[in-house]
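Numbering (our numbering), first residue to last: 76 to 190.
Beta carbons: idealized from backbone N, C-alpha and C, even for Gly.
Notes for the one structure printed next.
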Amino acid sequence: MPLCSPTFLEHVLSTLKKLIKAEKTPKFDDIAVDILTLWKASIPVTAATKHNAMLITRIDDKEELLPMDELLDVFGDTPAKKTVHVIAERPSQGATNIPHVAQGQQLRQSLLQPW
């Protein structure tokens with residue numbers, strides 16, 4: 076599989092999401108890994124900032140990572156050291172793990188309705 080192919084990047088992003096979810100247990104236990112959004116960022120880390128919380132809404136220079144992007148186009152040959160390059164965004168609290176659950180519940184209710 077070529078390093079720049081969409082299939083390779085999709086595999087990399089999927090694996091990265093799984094690793095992030097595993098690292099953030101139990102905070103991410105209630106969400107499915109495929110609904111995490113990964114963002115490319117470039118945030119230098121210093122001793123003074125290493126424990127600061129990062130809010131995605133406050134980061135101006137960010138780009139959503141998509142499976143069809145080429146890895147070298149996104150990150151270049153050599154990403155900067157001591158820099159946060161990827162941020163994981165969990166879905167909002169109201170989001171469900173499985174997008175079709177609400178539709179399935181509506182269908183079930185309509186099937187149970189008397190004719």
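The beta strand (DSSP E) enclosing V108, as first and last residue numbers: Judged by DSSP secondary structure, V108 falls outside any beta strand (DSSP E); it is assigned neither H nor E.
My output table needs one value for E138: the three-state DSSP class, helix, strand or coil. In this structure, DSSP gives E138 an extended state, which the three-state scheme calls strand.
Can you name the start and end residues of the beta strand (DSSP E) that V191 belongs to? Nothing about residue 191 can be reported from this structure: the residues present for the chain run from 76 to 190 only.
Just curious, the alpha helix (DSSP H) that V149 is in, first and last residue? V149 -> alpha helix (DSSP H) spans L146 to F150.
Going by Cα to Cα distance, which pick from L94, A116 and T82 is closest to D135? A116
Pull the bridge partners of I118 from the DSSP assignment, please. Note: I118 sits in a beta bridge opposite V159.
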